[in-house]
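**Q** Numbering (the working numbering), first residue to last: -1 to 186.
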C-alpha cells in the first residue's frame, strides 16, 4: 500500500527549492548524463511524467482515491524546480527586467517571444503545448504559479520600493515563474 504524501504546513514559503512546501531532507538530483541528447530537459520532464502516467492502474476501480498531493504533479513540480537554471537560461535577463517593470506599472500584453533566447522560444512553445494538452502538467504549472504569486504577495506587503519583488521576479525561480505564467496565459 502507498503511503499518503505529507501535507504541506500552511503559511511557509521558500524561494528556491520546492514550492510544494515540504520536501525530503535531500532533494533528488538529476543525472546530467541521463538526459536525452535531442529534446533537452523539457523532453526529459515530459517523458518522466508520461512514465508515471503509465504506472497508474488502468481502471478507476483499481485506483485508490488520491488527493492532488499524492498524484504525479508532485513529481512534475519537483522536476520543474530542479530545472529552474535551465529555464532561466532560456530568458533574456535584461528583457525580463524591462518587461516586468512595464507590467508592474500597469502595461498589459508586454510579454512577447522576444523575452526568450532562440532555444527559449522552443522551450516556451513546448511548455505551452504541454500545458494545453495534459491536465497533470497543467496542475503542476498552476500550483507553481500560485505558490510564486503567494510569495510575491507576502513579500510585497513590506516592500515599499518593490526591491524584493523585483529580486524575486528576476531570480532563476522568478524566471521559471515568468515562462510558466506566460505559457499558461496568466500574464495578459
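Don't be surprised by glycine CBs; every beta carbon is placed ideally from N, CA and C.
Using DSSP bridges, identify the partner residues of residue 187.
**A** Nothing can be reported for residue 187: it is not among the residues displayed for the chain, which extend from -1 to 186.
**Q** With a threshold of 16 other CB atoms inside 10 Å of the CB of residue 147, please say whether the residue is buried or exposed.
**A** exposed
**Q** Pairing CB atoms from the stretch 109 to 125 with CB atoms from the stretch 146 to 165, are three or more of them under 8 angstroms?
**A** no
**Q** When DSSP labels each residue in this structure, what does residue 180 get in the three-state scheme?
**A** helix
**Q** Under a Cβ-count criterion, where at least 16 other Cβ atoms within 10 Å of its own Cβ denotes burial, should residue 139 be classed as buried or exposed?
**A** buried
**Q** Can you tell me where the alpha helix (DSSP H) with residue 136 in it begins and where it stops?
**A** 133 to 154
**Q** By a C-beta neighbour count over all protein chains shown, 10 Å radius and 16 as the cutoff for buried, is residue 186 buried or exposed?
**A** exposed
**Q** Assuming contact is defined by CB atoms lying nearer than 9 angstroms, are residue 94 and residue 174 in contact in what I supplied?
**A** no
**Q** Consult DSSP for residue 109 and reduce its assignment to one of helix, strand or coil.
**A** coil
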